[in-house]
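Peer 1: Dropping the structure in here first, questions after.
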Amino acid sequence: MTAMMSVGVVIFGILGLQRLPVRELPDIDPPVVNVLAVYPGASADVVESEVTEPLEDAISSTEGIRLLTSATREQVSSITIEFEQDQDIDVAAQEVRDRIGRARGQLPEEVDEPIVSKADASASPIMWVAFFSERFDTQQLTRIAEDQVRDRLQTVPGVSSVIIGGQKRFAMRLWLDSEKMAARGITVLDVSRALREQSVELPSGRVENLQREMTIQTRGQLVTADEFNDLIIRQDGDRVIRLSDIGEAREGVEDERSIARFNGKPAIGLGVVRQSTANTIEVAEGVKSRIEEILPLLPDGIEISYPYDESVYVEKAVHEVYETLGIAFVLVVLTIFFFLRNVRSTIIPSLSVPVSVIATFGVMYVLGFSINIFTLLALVLAIGIVVDDAIVVLENVYRHIEDGMKPFDAAIMTMREIAFAIVTITASLVAVFLPLAFIGGVT
29 MTAMMSVGVV
39 IFGILGLQRL
49 PVRELPDIDP
59 PVVNVLAVYP
69 GASADVVESE
79 VTEPLEDAIS
89 STEGIRLLTS
99 ATREQVSSIT
109 IEFEQDQDID
119 VAAQEVRDRI
129 GRARGQLPEE
139 VDEPIVSKAD
149 ASASPIMWVA
159 FFSERFDTQQ
169 LTRIAEDQVR
179 DRLQTVPGVS
189 SVIIGGQKRF
199 AMRLWLDSEK
209 MAARGITVLD
219 VSRALREQSV
229 ELPSGRVENL
239 QREMTIQTRG
249 QLVTADEFND
259 LIIRQDGDRV
269 IRLSDIGEAR
279 EGVEDERSIA
289 RFNGKPAIGL
299 GVVRQSTANT
309 IEVAEGVKSR
319 IEEILPLLPD
329 GIEISYPYDE
339 SVYVEKAVHE
349 VYETLGIAFV
359 LVVLTIFFFL
369 RNVRSTIIPS
379 LSVPVSVIAT
389 FGVMYVLGFS
399 INIFTLLALV
409 LAIGIVVDDA
419 IVVLENVYRH
429 IEDGMKPFDA
439 AIMTMREIAF
449 AIVTITASLV
459 AVFLPLAFIG
469 GVT
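So this note's numbering is basically just the index in the sequence shown, starting at one, shifted up by 28.
Structure representation (structure tokens):
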């Protein structure tokens, strides 16, 4: 019966081990909310006075705030709100959104809608895939990654999203001559107003009769540089001022102030974000396998590399802990055999260690834990408890058998003598670490 119960416990642990996610650290959601607001073209002083301060005043009345900090730089306002550990982060984030909604009318109209996001420990990329080439520029690499790579990587099991770093999106850039504008009495606001009014796609309805129906499409969206250069900025009677009279439209990219390179070559990066319950190692392997499938379909001249891969560190760290477990197990077996010189007596504690460890994985799965550095180190610590108790009990039973008692009677006598001591040893260790389980937040 004991053997069958042990086998059942081991099977339970193996099933849990196969389903446990593997990651570097536990899945922890800190009670932190971030508010990001963008004011295009504004200096840091203007952003602070017009955006950051009104938002801070509105958010500061939220209940449960422990610390509120802000950072303002050119065009960008970032406010970080840290709540008390017992605060529900979802409720807190919703309250922040409500207060920002009330303060939205105090912000300039040009400010983009503030973005409220929760700090998520699993929201950072676990790996970056670098696409670089000497043949293609960054804008072309961006288009290839968006059209042919990103969507396929997002279908890999366990992948939450794929972000593109260093991307260069196509944009039509308008270069204005201040002297020509001043001579004609044109301002930047005039150009901006002309773009909003003339470069639009409007619904035009349809034309229908008894036999047929046709949809009308009004092509009002400017696309080419020539179309932008013909844009009418102002018309006074027969006098027409076009964009070409005060400047020039050129094809370019949205952001020309930054550039991404890898080994000196134009590059972009694809950051893979895993799902919170996904296995880091399995996700990384799945992404690499999918990249190998995609690579032959890409244009010649594109190279890839993995400059950052968290799974490598996680795999090595987990392997090191497994090695520690194995070394501890071998040393325990050799020590017991060295002192008892009895193979049968050595097998008993030798089986208790793997049975206990493997069964623990099943309990971890039921409790929603993961295999990470902390849980594995906890197993190393727990092995000491199992080995200590097993050796103490076995040694005392063996001593009574050597004195002439039968094995069953020796076991009964041993437990009468040292049961309280065994419980005390275990309880003393549990008493040290158990309070940590009831401490909120990150300890």
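Every residue gets a Cβ at the ideal spot worked out from N, C-alpha and C, and that includes glycine.
Flag this pair as touching only if the stretch 46 to 64 and the stretch 120 to 127 have three or more C-beta atom pairs under 8 angstroms; answer yes or no.
Peer 2: Taking 8 angstroms as the limit for Cβ pairs, the verdict is that the stretch 120 to 127 does touch the stretch 46 to 64.
Peer 1: Given a cut-off of 8 angstroms, decide if residue 280 and residue 199 are closer than it, judged by their beta-carbon atoms.
Peer 2: To locate residue 199, count along the sequence shown from 1; it is residue 171. To locate residue 280, count along the sequence shown from 1; it is residue 252. Closer than 8 angstroms, so yes.
Peer 1: Kindly indicate which three-state DSSP category residue 29 falls into: helix, strand or coil?
Peer 2: Taking the sequence shown and counting its residues from 1, the one referred to as residue 29 is at position 1. Three-state DSSP puts residue 29 in coil, outside helix and strand.
Peer 1: In this structure, does DSSP put residue 62 in helix, strand or coil?
Peer 2: Within the sequence shown, the letter at position 34 stands for residue 62. Three-state DSSP puts residue 62 in a strand.
Peer 1: If you draw a straight line from the C-alpha of residue 429 to the C-alpha of residue 442, how long is it?
Peer 2: Sequence index remark: in the sequence shown, residue 429 carries index 401 (1-based). Sequence index remark: in the sequence shown, residue 442 carries index 414 (1-based). If I take the Cα positions, the gap works out to 10 angstroms.
Peer 1: Opposite residue 332 in the DSSP bridges: which residues?
Peer 2: Here residue 332 refers to the residue found at position 304 when the sequence shown is read from its first residue. For residue 332, which the question treats as bridged, DSSP gives the partners 159.
Peer 1: For residue 261, which of 244, 111 and 221 has the nearest alpha-carbon?
Peer 2: Residue mapping note: residue 261 aligns to position 233 of the sequence shown, counting from 1. When each option's Cα is compared against that of residue 261, the closest is 221.
Peer 1: Go through its chain and collect everything with a Cβ distance to residue 205's Cβ below 7 angstroms, but skip five positions before and after it.
Peer 2: Along the sequence shown, read from residue 1 onward, the residue named residue 205 stands at position 177. Closer than 7 angstroms at the Cβ level, and outside the excluded window around residue 205, lie 274 and 275.
Peer 1: Could you give the DSSP three-state label for residue 39: helix, strand or coil?
Peer 2: Here residue 39 refers to the residue found at position 11 of the sequence shown. Looking at residue 39 - three-state DSSP - the assignment turns out to be helix.
Peer 1: Starting from residue 404 and walking both ways along the alpha helix (DSSP H), at which residues does that stretch end?
Peer 2: Start at 1 with the first residue of the sequence shown, and residue 404 comes out as number 376. Start and end: 401 to 430.
Peer 1: Looking only at C-alpha atoms, which of 283, 415, 74 and 366 sits nearest to residue 379?
Peer 2: Residue mapping note: residue 379 aligns to position 351 of the sequence shown, counting from 1. The candidate whose alpha carbon is nearest that of residue 379 is 415.
Peer 1: How would you call residue 130, buried or exposed, if buried means at least 16 neighbouring beta carbons within 10 angstroms?
Peer 2: Start at 1 with the first residue of the sequence shown, and residue 130 comes out as number 102. The residue in question, residue 130, is exposed, as its Cβ has fewer than 16 Cβ neighbours within 10 Å.
Peer 1: According to DSSP, residue 146 sits in a beta bridge with which residue or residues?
Peer 2: Here residue 146 refers to the residue found at position 118 of the sequence shown. Paired residue(s): 61.
Peer 1: Spatial neighbours of residue 303 within its chain, please: CB distance less than 6 angstroms, with the 5 preceding and 5 following residues excluded, ordered by chain position.
Peer 2: Sequence index remark: in the sequence shown, residue 303 carries index 275 (1-based). So the list reads 186 and 188, once near-sequence residues are dropped.
Peer 1: Are the C-beta of residue 433 and some C-beta of chain E separated by less than 8 angstroms?
Peer 2: Of the protein chains in the structure, only one exists, and it is not chain E.
Peer 1: Assuming residue 161 and residue 293 are in contact, meaning their beta carbons sit under 8 angstroms apart, how far apart are those beta carbons, in whole angstroms?
Peer 2: In the sequence shown, the residue the question calls residue 161 occupies position 133. In the sequence shown, the residue the question calls residue 293 occupies position 265. Indeed they touch by this definition, with Cβ atoms about 6 angstroms apart.
Peer 1: Need the endpoints of the alpha helix (DSSP H) that residue 188 sits in, please.
Peer 2: Translated into positions along the sequence shown, residue 188 becomes position 160. Here residue 188 belongs to no alpha helix (DSSP H); instead the beta strand (DSSP E) covers 187 to 193.
Peer 1: In whole angstroms, what separates the C-alpha of residue 427 from that of residue 419?
Peer 2: As a position in the sequence shown, residue 427 is number 399, starting the count at 1. As a position in the sequence shown, residue 419 is number 391, starting the count at 1. C-alpha separation (whole angstroms): 12 angstroms.
Peer 1: Can the beta-carbon of residue 305 be found closer than 8 angstroms to that of residue 154?
Peer 2: Here residue 305 refers to the residue found at position 277 when the sequence shown is read from its first residue. Here residue 154 refers to the residue found at position 126 when the sequence shown is read from its first residue. No, these two residues do not count as a Cβ contact at 8 angstroms.
Peer 1: In whole angstroms, give me the CA-to-CA distance for residue 76 and residue 461.
Peer 2: Indexing the sequence shown from 1 puts residue 76 at position 48. Indexing the sequence shown from 1 puts residue 461 at position 433. Taking the straight line from one Cα to the other gives about 46 angstroms.
Peer 1: Identify the continuous alpha helix (DSSP H) that holds residue 287 and give its terminal residues.
Peer 2: Taking the first residue of the sequence shown as position 1, residue 287 is located at position 259. Element bounds for residue 287: n/a, residue is neither H nor E.
Peer 1: Between residue 112 and residue 92, what straight-line distance do the alpha-carbon atoms span, to the nearest angstrom?
Peer 2: The residue labelled residue 112 in the question sits at position 84 within the sequence shown. The residue labelled residue 92 in the question sits at position 64 within the sequence shown. Answer to the nearest angstrom: the Cα atoms are 6 angstroms apart.
Peer 1: Buried or exposed: residue 127, going by 16 or more other Cβ atoms within 10 Å of its Cβ?
Peer 2: By one-based count along the sequence shown, residue 127 stands at place 99. Buried, because 16 or more other Cβ atoms sit within 10 Å of the Cβ of residue 127.
Peer 1: Enumerate in chain order the residues of its own chain whose CB-to-CB distance from residue 479 is below 6 angstroms, with the five nearest sequence positions on each side excluded.
Peer 2: The chain is shown only over 29 to 471; residue 479 falls outside these bounds and no answer can be derived.
Peer 1: Using a Cβ distance threshold of 8 angstroms, determine whether the stretch 171 to 185 contacts the stretch 294 to 301, with at least three qualifying pairs required.
Peer 2: Result yes; three or more Cβ-Cβ pairs closer than 8 angstroms.
Peer 1: Note down the Cα distance separating residue 254 from residue 239, rounded to an integer number of angstroms.
Peer 2: For this step, residue 254 is matched to residue 226 along the sequence shown. For this step, residue 239 is matched to residue 211 along the sequence shown. So the two alpha carbons sit approximately 40 angstroms from each other.
Peer 1: Going by alpha carbons, who is nearest to residue 250 out of 244, 259, 243 and 242?
Peer 2: Numbered from its first residue, the sequence shown carries residue 250 at position 222. Of the listed residues, the one whose Cα sits closest to residue 250 is 259.
Peer 1: Start and end of the beta strand (DSSP E) containing residue 264?
Peer 2: Stepping through the sequence shown from its first residue, residue 264 is reached at position 236. Here the beta strand (DSSP E) through residue 264 covers 260 to 264.
Peer 1: Counting Cβ pairs closer than 8 angstroms, one from the stretch 43 to 51 and one from the stretch 379 to 397, do we hit at least three?
Peer 2: Short answer: they touch.
Peer 1: Got a sec? Which residues, its chain only, sit under 7 angstroms from residue 435 by beta carbon, not counting five neighbours each side?
Peer 2: Taking the first residue of the sequence shown as 1, we reach residue 435 at position 407. 429, listed in sequence order.
Peer 1: Does DSSP classify residue 433 as helix, strand or coil?
Peer 2: Walking along the sequence shown from the start, residue 433 turns up at place 405. Residue 433: coil per DSSP, three-state reduction.
Peer 1: Just the Cα atoms here: how many angstroms apart are residue 166 and residue 287?
Peer 2: Translated into positions along the sequence shown, residue 166 becomes position 138. Translated into positions along the sequence shown, residue 287 becomes position 259. About 8 angstroms.
Peer 1: Should the stretch 223 to 241 be called in touch with the stretch 84 to 99, which here means at least 3 C-beta pairs below 8 angstroms?
Peer 2: Short answer: they don't touch.
Peer 1: Residue 92 by DSSP, collapsed to three states: which one?
Peer 2: Stepping through the sequence shown from its first residue, residue 92 is reached at position 64. Here residue 92 sits in coil by DSSP.
Peer 1: Taking the alpha-carbon of residue 318 as reference, which of 381, 290 and 177 has the nearest alpha-carbon?
Peer 2: The residue given as residue 318 occupies position 290 in the sequence shown. Residue 318 has its Cα closest to that of 177, out of 381, 290 and 177.
Peer 1: Could you pull the start and end residues of the beta strand (DSSP E) that residue 293 belongs to?
Peer 2: Taking the sequence shown and counting its residues from 1, one reaches residue 293 at position 265. Unbroken beta strand (DSSP E) run through residue 293: 293 to 302.
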